[in-house]
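In the UniProt record's numbering, the protein residues as written are 1 to 377. From the three backbone atoms N, C-alpha and C, an ideal C-beta is built for every residue, glycine too. Here's the structure, in structure tokens; my notes come after.
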Ligand code: ATP
Ligand code: MG
Ligand code: MG
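Below, the structure written as structure tokens:
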């Protein structure tokens, strides 16, 4: 029988999961999202909405009562509350997996214990721990909030002694970790999936270009040697084997200046660097996520066309109502998320620039350069 799917979070990721779910009526009869913003992106494409905060316990119980299966687009959900409603609905990725991943210190400790490479890191309880950590790691180093961080907002780079106090004060009472600063050649990621029966599939390695800690472009495939993409794939496979969660996981990695591949962080959800799969790949990450949590055979992950994904971000100087981007070109697939208000660097949409047969990444990069001005909102 077709199931009712509950999603915690109805932003752009919930929206694209909803769109994929609507194409699977034999498995999913209805989609309900929990989101605090009235008329959230997912509700605009046919999801029912419970309007409440992500951490509202009663709303989560309500969602669990109405759903057969629950997933999420944000990693900041309360894993204990989710655990308490597991008798009402199946939750994937599981609350146990979420609990590990949503805390960067627990996540890195878990990876280290399983011999998966991560930057050197230390738990921070007070400012003396920071000073001791810096003696060990040297400058610069990255002080990070353990939880609830995104788009680099939970990071503070410590370049010298003078930064120690401002960095520590910046986080006011939050739980922290300190990381050695990694000198990297490139940031890359693997979109990996594991279904409830343990089948694992990974998508080819992609290259991520960030601007002020926010993802700006994803280039598929990554411009690295076969040796590096193999290393990254092996790390992703191993991670999925030990993690045991079902669903899509976005595994962000660094390729270091010594050509080592190490994990930066894992997102227990569909990931911005997987948006290219909507047009470039045999199966989109959103359909794959649903196949994984429904226990269906996973779809093919082959990259069919070289593709660049470009994020449309709110202008740095503007907040308020804006005109959604309109841009039409051959092989350009624009997706606006239906957000009413623009804020500086807010993710408002993306487009995929899909290569024709035989079209190289260099040609796509050139094409993108001619479009960037027109892609400003
Ligand atoms: P996201 O939006 O991807 O969830 P986040 O806020 O959780 O991001 P991170 O992914 O930890 O933050 O870091 C953001 C960016 O900061 C990374 O993509 C990378 O460019 C840089 N960065 C993070 N940690 C390190 C490190 N140890 N060494 C060097 N650069 C780092
Ligand atoms: Mg993160
Ligand atoms: Mg990140």
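Considered as a whole, the region 34–122 harbours 48–51 and 69–72 as its complete beta strand (DSSP E) runs of no fewer than 3 residues, in chain order. Residue 43 and residue 19 have their C-alpha atoms some 10 Å from each other. Residue pairing from DSSP leaves residue 149 without any beta-bridge partner. Just measuring C-alpha positions, the residue of 15, 21, 62 and 8 sitting nearest residue 36 is 8. Inclusion of residue 145 and residue 174 in the CB contact set at 9 Å is warranted, their separation being smaller than that value. The beta carbon of residue 212 sits closer than 8 Å to the beta carbons of 152 and 345 from its chain, once the five residues preceding and following it are set aside; these are given in chain order.
Boundaries of the beta strand (DSSP E) harbouring residue 352: 347–354, taken from the DSSP string.
In this structure, residue 17 lies near residue 289, with their beta-carbon atoms less than 9 Å apart.
Counting along the chain, the unbroken alpha helix (DSSP H) around residue 291 starts and ends at 285–294. Of the other Cβ atoms in all chains shown, 16 or more fall within 10 Å of the Cβ of residue 137; this residue is therefore buried. The beta-bridge partner set that DSSP reports for residue 249 consists of 192. A residue is called buried when at least 16 other Cβ atoms come within 10 angstroms of its Cβ; residue 254 meets this threshold and is buried. Excluding sequence positions up to five before and after residue 93, its CB lies within less than 7 Å of the CB of 245, 246, 247 and 268, all in the same chain and listed in chain order. Taken atom to atom, the span from the alpha-carbon of residue 226 to that of residue 170 is near 41 Å.
Residue selection by CB proximity (closer than 7 Å to any heavy atom of ligand 2) returns 149, 150, 265 and 267 in chain order.
Exclusion of residue 217 from the 8 Å shell around ligand 3 follows from its C-beta lying no nearer than that to any non-hydrogen atom of the ligand. Around the beta carbon of residue 39, fewer than 16 other beta carbons lie within 10 angstroms, which makes this residue exposed. Note that the C-beta distance between residue 202 and residue 273 is not below 9 Å. CA-to-CA, the gap between residue 121 and residue 182 works out to about 11 Å.
Residue 192 and residue 75 have their C-alpha atoms roughly 16 Å apart. Note on geometry: alpha-carbon atoms of residue 57 and residue 12 lie some 23 Å from one another. Around residue 324, the same chain offers 336 as residues with beta carbons nearer than 7 Å, after the five sequence neighbours per side are excluded. Counting along the chain, residue 2 sits inside no beta strand (DSSP E), nor does DSSP assign it H or E at all.
In the structure shown, the three-state DSSP call for residue 304 is coil. The region 58–72 makes no contact with the region 316–332; the number of CB pairs closer than 8 Å stays below 3. When the alpha-carbon of residue 196 is set against those of 233, 303, 241 and 315, the nearest one is in 241.
In this structure, 179 is the residue among 179, 99 and 96 with its C-alpha nearest to the C-alpha of residue 132. When the five nearest sequence neighbours on each side are left out, the beta carbons in the same chain lying within less than 6 Å of the beta carbon of residue 214 are those of 151 and 345, in order along the chain.
Taking residue 236 as the centre and dropping the five residues before and after it, the same chain places the C-beta of 190, 192, 202 and 251 closer than 7 Å to its C-beta, in chain order. Judged by their CB atoms, residue 104 and residue 287 are not nearer to each other than the 9 Å cut-off. In the three-state scheme derived from DSSP, where H, G and I count as helix and E and B as strand, residue 254 is classed as strand. Counting only the Cα atoms, residue 143 lies some 8 Å from residue 168.
The criterion of a C-beta distance shorter than 9 Å is satisfied by residue 220 and residue 280.
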